[in-house]
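The structure appears below as structure tokens.
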Amino acid sequence: MIEMMEYHNRALEVWRERKVQGRILIHLDAHMDFGWIADRDPLGLFDSRDVGSPFWNFKGDPAERVDIGNFIYPAIKEGMVRKFYWVVPDPVWESRRQHRAVENMLSHIVSLDPESEHRVIKGHDFMAVVLKGVPVFALPLGALPVIDEEVLLDIDTDYMVTRSVTDVAPYYMKGRELPWIWPEELAARIQERRIRAEVVTVAYSVEGGYTPLKYRYLGDVIRNLLRYPYTIANPPPNNSRMRRAFEFWHERRCHKAMDELLAVLRTEPDHAPAHYALAMICREGGEFEDFSFHFARALELNAAYRTPYNNQGLMYLARGMMGRAAKEFGDVLCAVPEETNALTGLADVFSEIGEAKVAKNLYLRSLVKDAGNAAAYSGLGRIEMEQRRFANAAHAFKKASELAPADPFPHEALGRLLAKKGMTSDAMVELKTAKRLGGDGFKLRIRLAVLYLKKRNFHKARRYFFGALNYLNVNGPAIIAGTMRRIPRNLSGSFYDIRFGRRALEKGGHIMETA
Numbered sequence: 019m020i021e022m023m024e025y026h027n028r029a030l031e032v033w034r035e036r037k038v039q040g041r042i043l044i045h046l047d048a049h050m051d052f053g054w055i056a057d058r059d060p061l062g063l064f065d066s067r068d069v070g071s072p073f074w075n076f077k078g079d080p081a082e083r084v085d086i087g088n089f090i091y092p093a094i095k096e097g098m099v100r101k102f103y104w105v106v107p108d109p110v111w112e113s114r115r116q117h118r119a120v121e122n123m124l125s126h127i128v129s130l131d132p133e134s135e136h137r138v139i140k141g142h143d144f145m146a147v148v149l150k151g152v153p154v155f156a157l158p159l160g161a162l163p164v165i166d167e168e169v170l171l172d173i174d175t176d177y178m179v180t181r182s183v184t185d186v187a188p189y190y191m192k193g194r195e196l197p198w199i200w201p202e203e204l205a206a207r208i209q210e211r212r213i214r215a216e217v218v219t220v221a222y223s224v225e226g227g228y229t230p231l232k233y234r235y236l237g238d239v240i241r242n243l244l245r246y247p248y249t250i251a252n253p254p255p256n257n258s259r260m261r262r263a264f265e266f267w268h269e270r271r272c273h274k275a276m277d278e279l280l281a282v283l284r285t286e287p288d289h290a291p292a293h294y295a296l297a298m299i300c301r302e303g304g305e306f307e308d309f310s311f312h313f314a315r316a317l318e319l320n321a322a323y324r325t326p327y328n329n330q331g332l333m334y335l336a337r338g339m340m341g342r343a344a345k346e347f348g349d350v351l352c353a354v355p356e357e358t359n360a361l362t363g364l365a366d367v368f369s370e371i372g373e374a375k376v377a378k379n380l381y382l383r384s385l386v387k388d389a390g391n392a393a394a395y396s397g398l399g400r401i402e403m404e405q406r407r408f409a410n411a412a413h414a415f416k417k418a419s420e421l422a423p424a425d426p427f428p429h430e431a432l433g434r435l436l437a438k439k440g441m442t443s444d445a446m447v448e449l450k451t452a453k454r455l456g457g458d459g460f461k462l463r464i465r466l467a468v469l470y471l472k473k474r475n476f477h478k479a480r481r482y483f484f485g486a487l488n489y490l491n492v493n494g495p496a497i498i499a500g501t502m503r504r505i506p507r508n509l510s511g512s513f514y515d516i517r518f519g520r521r522a523l524e525k526g527g528h529i530m531e532t533a
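Per our numbering, the sequence shown starts with residue 19, numbered consecutively.
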């Protein structure tokens, strides 16, 4: 049995449906997905006035707090898993800094459980802790022992493309990066370890920026190879063509890459991954008519390509490069008019440069097209909070968190809002959720430290403060680089950004009313 999913916590539901008990779990992932879920109901910590607050409607059931960052822990608590192997990407194990980060993660997890021994056991090619009596290992695939029984095999597609356990998504948007391992090699190595799986779960993890959209298809390839093991030694020709196309693209031999992708489309005209990759290469080469055709075709063939992560606009937004971000979103609108994620991205650009009216119009226009657009609700919440309409902001952030449970931003924003309102306990729960989902590690830890100081819990305030310093120590260069990247935008002034932003809007035929 092989189950595919976008959000990785769906794996827990699959195991429950199969009534799995007492199995070994092999988890191939760039992330441990082992966030702690407290057994105590957080609502019991709140004042009565906080519990009745319209800002908070948390059900209080620990099962309701399962997300992509913590679904392994309840599997252990419910007796599904008696031994857990976290198989990290080989580049992680080979880096001294990344190796230390894995050790810190294991140490942090057991430190949260008073019943567990707070010690990390280190061997030549593994690390281990014991949690609730269950051995938990971190190791590379080559160190995985031969297991003579059926296991739960759990694979995240980002395992094949990620070289770090500490970067914050969307960390991959840096260029023509290649997977460190391809599905054929991964399937062969799984076969070499003689892994027999009762249930296989494979997550795409595109939403949130973990797996690049162009590599989403790798999840489908690994599924097919595991489903039909005889193809591992002799995979379908289009697998090799797709791989060669990305390798040629990486080497800047774009015409060769296009030849390989066109060969795929000659045999499979409805191959959405080939259309999407071809669109990206055509756009890079300035062939916008071909870009528009192949991009629109990919979105038509597979709704998964209608995502905020189908272009690099979010990366440019994060770097403060508003003109380039606007052009990214504008190009998408040229290919697919009224594409809601691109409308939302443009709204984010105008929100950043202080044109709240234009931004709000774009957010609302996006929601008219797609009432489930969580990013549009987050953007509206930001504007409402800046304009001190806190009730409206809280409603928007809560709606965003319901629609996109894996996104840390709505929780972080709601936490800051609740802190402003003096609702410290509610704020802390939201900020902890954002932290677990991979939000801004340094700022979140500092905010939590300040809130614990307000509650006069000096021990936890100290822990979060030193956690912030440790995070800064590990990620300091990336944080400084990100800050430096934003300086040109600040120096160039809003006029520069507006001019480029409006040009992108005009190019897509989407000039906005400012009233």
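Glycine is no exception: its CB is placed at the ideal position from the N, C-alpha and C atoms. Here the structure is a predicted model, which is why all the values come from computation and not from measurement.
On the three-state DSSP scale, how would you describe residue 271?
The residue labelled residue 271 in the question sits at position 253 within the sequence shown. Three-state DSSP puts residue 271 in coil, outside helix and strand.
Identify whether residue 42 lies in helix, strand or coil by the three-state DSSP scheme.
The residue labelled residue 42 in the question sits at position 24 within the sequence shown. Residue 42 falls in the strand class under three-state DSSP.
Name the two residues that bound the continuous alpha helix (DSSP H) containing residue 96.
On the sequence shown, residue 96 is found 78 positions in, with the first residue counted as 1. Per DSSP, residue 96 belongs to no alpha helix (DSSP H) and is neither H nor E.
Using DSSP's beta-bridge definition, name the partner residues of residue 23.
The residue you call residue 23 lines up with position 5 of the sequence shown. Per DSSP, 221.
Go ahead and pull the three-state DSSP assignment for residue 84.
Reading the sequence shown from its first residue, position 66 is the one you call residue 84. The answer is coil: DSSP assigns residue 84 none of H, G, I, E or B.
By how many angstroms is the C-alpha of residue 347 removed from the C-alpha of residue 474?
What you label residue 474 is simply residue 456 of the sequence shown in a count that begins at 1. What you label residue 347 is simply residue 329 of the sequence shown in a count that begins at 1. Residue 474 and residue 347: Cα-Cα distance of roughly 47 angstroms.
If the criterion is Cβ atoms closer than 8 angstroms, does the pair residue 159 and residue 105 meet it?
Working through the sequence shown from its first residue, we reach residue 159 at position 141. Working through the sequence shown from its first residue, we reach residue 105 at position 87. Yes, these two residues count as a Cβ contact at 8 angstroms.
What does the alpha-carbon distance come out to for the pair residue 38 and residue 224?
For this step, residue 38 is matched to residue 20 along the sequence shown. For this step, residue 224 is matched to residue 206 along the sequence shown. Answer to the nearest angstrom: the Cα atoms are 27 angstroms apart.
CA-CA distance, residue 511 and residue 222?
Numbered from its first residue, the sequence shown carries residue 511 at position 493. Numbered from its first residue, the sequence shown carries residue 222 at position 204. At residue 511 the pLDDT is 39, less than 50, meaning the model places this residue with poor confidence; the figure from the coordinates comes in the next sentence. Roughly 39 angstroms between the two C-alpha positions.
With a Cβ-Cβ cutoff of 8 angstroms, do residue 272 and residue 303 count as a contact?
Within the sequence shown, residue 272 is the residue found at index 254, counting from 1. Within the sequence shown, residue 303 is the residue found at index 285, counting from 1. Yes.
Between residue 102 and residue 183, which are expected to be in contact by the criterion C-beta below 8 angstroms, what is the C-beta distance as a whole number of angstroms?
Taking the sequence shown and counting its residues from 1, the one referred to as residue 102 is at position 84. Taking the sequence shown and counting its residues from 1, the one referred to as residue 183 is at position 165. Incorrect: roughly 16 angstroms between the Cβ atoms, too far for contact.
Check whether the Cβ atoms of residue 197 and residue 236 sit closer than 8 angstroms, and answer yes or no.
Mapped onto the sequence shown, residue 197 falls at position 179. Mapped onto the sequence shown, residue 236 falls at position 218. Going by C-beta atoms, residue 197 is nearer than 8 angstroms to residue 236.
Under a Cβ-count criterion, where at least 16 other Cβ atoms within 10 Å of its own Cβ denotes burial, should residue 141 be classed as buried or exposed?
For the purposes of this step, residue 141 is identified with residue 123 of the sequence shown, where counting begins at 1. Exposed, by the Cβ-count rule.
Residue 344 and residue 367: beta carbons closer than 8 angstroms?
By one-based count along the sequence shown, residue 344 stands at place 326. By one-based count along the sequence shown, residue 367 stands at place 349. A contact, by the Cβ cut-off of 8 angstroms.
Going by DSSP in three states, residue 246 sits in which element: helix, strand or coil?
Position 228 of the sequence shown, counted from the start, is the residue given in the question as residue 246. Note: residue 246 maps to coil in three-state DSSP.
Along the chain, where does the beta strand (DSSP E) containing residue 146 start, and where does it finish?
Start at 1 with the first residue of the sequence shown, and residue 146 comes out as number 128. 145 to 149 is the span of the beta strand (DSSP E), which, as asked, contains residue 146.
So, are the CB atoms of residue 174 and residue 48 less than 8 angstroms apart?
Here residue 174 corresponds to residue number 156 of the sequence shown, with the count starting at 1. Here residue 48 corresponds to residue number 30 of the sequence shown, with the count starting at 1. The answer is yes: Cβ separation under 8 angstroms.
Reducing DSSP to helix, strand and coil, say where residue 286 ends up.
As a first step, residue 286 is located in the sequence shown; it is residue number 268 there, counting from the start. Residue 286: coil per DSSP, three-state reduction.
Quick one: Cα of residue 195 to Cα of residue 411, how far?
Position 177 of the sequence shown, counting from 1, holds the residue named residue 195. Position 393 of the sequence shown, counting from 1, holds the residue named residue 411. If you take the alpha carbons of residue 195 and residue 411, they lie about 38 angstroms apart.
Which two residues bound the contiguous alpha helix (DSSP H) that contains residue 464?
Taking the sequence shown and counting its residues from 1, the one referred to as residue 464 is at position 446. It spans 459 to 472 - the alpha helix (DSSP H) in which residue 464 sits, taken as one unbroken run.
May I ask you to report which of helix, strand or coil DSSP gives residue 450?
Residue mapping note: residue 450 aligns to position 432 of the sequence shown, counting from 1. Three-state result, residue 450: helix.
Compare the beta carbon distance of residue 85 and residue 455 with 8 angstroms and say whether it is the shorter of the two.
One-based indexing of the sequence shown puts residue 85 at position 67. One-based indexing of the sequence shown puts residue 455 at position 437. Closer than 8 angstroms, so yes.
Given this structure, state the Cα-to-Cα distance separating residue 116 from residue 485, to the nearest angstrom.
The sequence position of residue 116 within the sequence shown is 98, counting from 1. The sequence position of residue 485 within the sequence shown is 467, counting from 1. Computed Cα separation, rounded: 17 angstroms.
Given a cut-off of 8 angstroms on the beta-carbon distance, is the pair residue 171 and residue 213 in contact?
Within the sequence shown, numbered from 1, the residue matching residue 171 stands at position 153. Within the sequence shown, numbered from 1, the residue matching residue 213 stands at position 195. Their beta carbons are under 8 angstroms apart, which means residue 171 touches residue 213 by this criterion.
Assuming the contact rule is C-beta atoms closer than 8 angstroms, residue 414 and residue 399 should be a hit. Round their C-beta distance to whole Å, please.
Translated into the one-based positions of the sequence shown, residue 414 becomes position 396. Translated into the one-based positions of the sequence shown, residue 399 becomes position 381. Right, their Cβ atoms sit about 3 angstroms apart.
Where does residue 70 fall in DSSP's three states?
The count along the sequence shown starts at 1 and reaches residue 70 at position 52. Residue confidence is low: residue 70 scores 32 on pLDDT, short of 50, so the model does not pin down where it sits. Its coordinate-derived value is still stated next. In this structure, residue 70 counts as coil in the three-state DSSP scheme.
Return yes when the Cβ of residue 22 is within less than 8 angstroms of the Cβ of residue 241, no when it is not.
To locate residue 241, count along the sequence shown from 1; it is residue 223. To locate residue 22, count along the sequence shown from 1; it is residue 4. Yes, Cβ-Cβ distance for residue 241 and residue 22 is below 8 angstroms.
Kindly list the residues whose CB is nearer than 6 angstroms to the CB of residue 319, restricted to its own chain and excluding five residues on each side of it in sequence; keep chain order.
Your numbering for residue 319 matches position 301 in the sequence shown. Excluding positions up to five away in sequence, the list reads 288, 290.
With a floor of 3 residues, list each beta strand (DSSP E) that falls wholly inside the segment 283 to 331, ordered by position along the chain.
Those beta strand (DSSP E) runs which fall completely within the segment 283 to 331 and span 3+ residues do not exist here.
Rounded to a whole number of angstroms, what is the C-alpha to C-alpha distance between residue 393 and residue 416?
Locating residue 393 in the sequence shown gives position 375, counting from the first residue. Locating residue 416 in the sequence shown gives position 398, counting from the first residue. If you take the alpha carbons of residue 393 and residue 416, they lie about 12 angstroms apart.
Scan the segment 153 to 199 and note each continuous beta strand (DSSP E) run of 3 residues or more that stays entirely inside, going in chain order.
Complete beta strand (DSSP E) runs here, min 3: 168 to 174.
In whole angstroms, what is the alpha-carbon distance linking residue 151 and residue 471?
Taking the first residue of the sequence shown as 1, we reach residue 151 at position 133. Taking the first residue of the sequence shown as 1, we reach residue 471 at position 453. Whole-angstrom Cα-Cα distance: 34 angstroms.
Starting from the N-terminal side, write out each stretch of the alpha helix (DSSP H) that is 4 residues or longer and does not extend beyond the segment 331 to 366.
Segments of the alpha helix (DSSP H) lying fully in the segment 331 to 366: 331 to 336, 340 to 353.
Taking all protein chains shown into account, decide if residue 350 is buried (16 or more other Cβ within 10 angstroms of its Cβ) or exposed.
The sequence position of residue 350 within the sequence shown is 332, counting from 1. Looking at its Cβ environment, which holds 16 or more other Cβ atoms inside 10 Å, residue 350 is buried.
What are the residues that DSSP puts in a beta bridge with residue 484?
Mapped onto the sequence shown, residue 484 falls at position 466. For residue 484, which the question treats as bridged, DSSP gives no partner whatsoever.
If you scan the segment 388 to 416 from start to end, which runs of the alpha helix (DSSP H) of 4 or more residues do you find wholly inside it?
DSSP runs (the alpha helix (DSSP H)) wholly in the segment 388 to 416: 392 to 404.
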